[in-house]
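> Line by line, the protein sequences give chains V and R. In terms of numbering that gives the first Met the number 0, the first sequence has 136 at position 137, counting the first letter as 1, and numbering is strictly consecutive. In terms of numbering that gives the first Met the number 0, the second sequence has 39 at position 40, counting the first letter as 1, and numbering is strictly consecutive. Heads up, the beta-carbon is just placed ideally off N, CA and C, and yes, glycines get one too. Keep in mind that this is a model prediction, so the values were computed, not measured. Sharing a structure, written as structure tokens. Questions coming.
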Amino acid sequence: MRRFLVIFKMDLTNLFKNPVLVGYNTLFAALLILIMGFLSSGNYAQSKDAYQYYTVTLLIYGILNGAMTASNCFMERDIKRPNLRIIYSPAGSFPIYFSKLLASFVFDYSLHLLLLAVLCPLLHVTLGANSLFFILLMAPVEFAAAALGTFFCCVFHCEETTSMLLSIVVNVFCILGGTFFSLDGLGSAAAFISKLSPAKWLNDAFFALACDNSRGLFLPVLIGATVISALLVLGCRLFFRTEDYL
Amino acid sequence: MENLMNIKNLKKSYKENEVLKGISFEVYTGEVLCILGPNGAGKTTTINILTAALGSNGGEIEYKGKPIGLKLRAYKQALGIVPQDVSLYEELSAERNLRFFASLYGLHGKELRKAVDEALVFAGLDERRRDKVKTFSGGMKRRLNIACAVAHHPELVIMDEPTVGIDPQSRNYILDSIKKLRDGGTTVIYTTHYMEEVEVISSRIIIMDHGSIIAEGTKESLKESIANEKKYTIEIEENGKIAPDEFFSVEGVRSAKIDGDTIEITSLKGVENLDRIIALLCNKGERIRNITSENASLEMVFLKLTGRKLRD
């Protein structure tokens, strides 16, 4: 356990020392919400509704993109080489990928909470009558995204390939899920396609908590994300081979 | 010397490509075992399998008489590994790198601080301990790369070409460090394709080529196998007038090789035939620029065994 904590601490430190990742999860995300909210404020009855919409959808976009934090933490060139020493050490192979997964989760989750702490009062965005449920539900989804990134790394053994594939998958899901503009107004066919996207399910669950104070989708999302995370961690265990690092 | 490791019939293939063809050797406590061979000989694959980072397709590795798989964690605890590439966190200081890597081997508290201090002195980096690795020269990084592998005082240190691409001063520092490790009772397995390093540090040598061990012994015993030979290296203005076979007409010539404007001839040691070789070249109209003569060397051993130079 001591060895795991040593590795985890190092992985987390490396992430927080990466200005690109910190900026992407905070400044870039905040700017994107502000710009999208400002540009589309005319489409809503009140401008704060636009900010409400984009804070939730772009937060989910950020959470899903957290998969790429994991791939960076796992196989980025400058980190991959010293990680080789962990493979040689008596720490075993499990801490190698699981500490990266956990560090990515903690990193993304804490930065997204910081983002909400700043933007919610500033833009009058609500997270529901009890914001704790909103914040709690973010955790399993953040974890599942980190697990997805780690799993892709274990399968493809390369940061570039993993990031490219994840970027395509996440962006397609988010565009279909209505992250940037809702597809529901484009006809029944578009609305049906939109419903196939996991981003849409997440948007619906988080909007239900934030705007309708409804917890009907809380448990399904919580259980779904937990099961997916467990399967992805199991997949990491099956696909991770130390020789991919050599 | 006590037997520390037994490697038996180790095999590794990547699809059709047989990288290791069933190699067997022993490692004895306190020795510096040099594995010598050209690029692609199978040295790094052997090292990766010995470190348990890569699986083999057959064979056994025993450490202190027991298969390493039985007590893998204890085996890894006993190892210190210096990878071929510098494997350090560039954004961290030398001290923090050492602390992190040493703590992976269970060191903590006072024990860790002491190990880190000793490793910094060992690498000659005590005064730069708080500087980030990215500010270090290539040689300093290489030294720290070694220090990270020995900080936890391993019984066996495995080094995979640790001196590639560094200045002579750092190379000498590293070679001296290896001698210090050996004198302190640490066993070292060292791969390289630099003959001169092997001459300086080796207790025993294994020569590998094309995934097989082609010779094994001390440098003295290996040289003894060609003790009755000497080598002439002749540089000529231009080549095109003489073929290697023509040198066999001279008494005592055992082999001849022409590479551009350089001719390498191996000859029996007792036969004085240099004047006849020069005469042959002059008769063919070749203009000689330089001639050097060399007695038995590891380079000659390799040439004899494989028919090519180590760094061809």
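Determine the chain R residues that contact V:Arg2 at a beta-carbon separation under 8 Å, and present them in chain order.
Chain R residues near V:Arg2: Ser102, Leu103, Gly105.
> Kindly list the residues whose CB is nearer than 7 Å to the CB of R:Thr50, restricted to its own chain and excluding five residues on each side of it in sequence; keep chain order.
For R:Thr50, where only same-chain residues beyond five positions count, the Cβ hits under 7 Å are Leu78, Ile80, Ile157.
> For chain R, check one thing: does any of its Cβ atoms lie closer than 8 Å to the Cβ of V:Thr241?
For V:Thr241, the answer is yes, since a Cβ of chain R falls inside 8 Å of its Cβ.
> Looking at the strands, I want to know which residues DSSP matches up with R:Val156.
Beta-bridge pairing links R:Val156 to R:Gly79, R:Val187.
> Hey, how far is the Cα of R:Thr185 from the Cα of R:Pro153?
Approximately 7 Å, taken between the alpha carbons.
> Residues of chain V with a CB under 7 Å from the CB of R:Asp260: which are they?
The contacting residues do not exist; R:Asp260 stays about 40 Å from chain V at best.
> Please report the straight-line C-alpha distance between R:Gly57 and R:Met207, rounded to a whole angstrom.
So the two alpha carbons sit approximately 18 Å from each other.
> Would you mind stating whether V:Ala190 and V:Leu182 have Cβ atoms separated by less than 8 Å?
Yes, Cβ-Cβ distance for V:Ala190 and V:Leu182 is below 8 Å.
> Is DSSP giving R:Glu61 helix, strand or coil here?
Looking at R:Glu61 - three-state DSSP - the assignment turns out to be strand.
> Would you mind sorting V:Asn13 into buried or exposed? The rule is 16 or more other CB atoms within 10 Å of its CB.
Burial call: buried.
> If the criterion is Cβ atoms closer than 8 Å, does the pair R:Ala278 and R:Glu228 meet it?
No. Outside cutoff.
> Between the Cα of R:Ile145 and the Cα atoms of R:Ala93, R:Gly29, R:Tyr74, R:Lys131, which residue gives the shortest distance?
Selected option, being the one with the closest Cα: R:Ala93.
> Give the range of the alpha helix (DSSP H) segment to which V:Val220 is assigned.
Per DSSP, V:Val220 belongs to the alpha helix (DSSP H) from 217-238.
> Among R:Gly269, R:Ala114, R:Gly259, R:Asp260, which residue has its Cα nearest to the Cα of R:Arg313?
The structure shown does not extend to residue 313 of chain R, since chain R spans only 0 to 311, so no value can be given for it.
> Does the beta-carbon distance from V:Asp10 to V:Ser109 come in below 8 Å?
No.
> Could you check the C-alpha separation between V:Met67 and R:Asn47 for me, to the nearest Å?
So the alpha carbons of these two residues sit roughly 29 Å apart.
> Can you look up R:Gly108 in the DSSP assignment and give me helix, strand or coil?
Residue state, collapsed to three classes: helix.
> What residue from V:Ala49, V:Cys157, V:Ala29 has the CA that sits closest to V:Leu115's CA?
It is V:Ala29.
> Using a C-beta to C-beta distance shorter than 8 Å, which residues of chain R count as neighbours of V:Ser88?
Neighbours of V:Ser88 on chain R, chain order: Lys75, Phe100, Leu103, Tyr104.
> Does the beta carbon of V:Lys99 sit closer than 8 Å to a beta carbon anywhere in chain R?
No, V:Lys99 does not count as interfacial toward chain R.
> What runs of the beta strand (DSSP E), each 3 residues or longer, lie entirely inside the segment 225-272 of chain R?
Within the segment 225-272 of chain R, the complete beta strand (DSSP E) runs of at least 3 residues are 228-235, 252-258, 261-267.
> Please report the residue range of the alpha helix (DSSP H) in which V:Gly36 lies.
Element bounds for V:Gly36: 28-38.
> Taking the beta strand (DSSP E) that R:Phe345 falls in, what are its first and last residues?
Residue numbering for chain R in the displayed model covers 0 to 311; residue 345 of chain R lies beyond these limits and cannot be assessed.
> So, using beta-carbon positions, are R:Asn289 and R:Glu234 closer together than 8 Å?
Cβ distance < 8 Å, so R:Asn289 and R:Glu234 count as in contact.
> Quick one: give me the first and last residue of the alpha helix (DSSP H) that V:Lys8 is part of.
From DSSP, the alpha helix (DSSP H) with V:Lys8 extends over 1-15.
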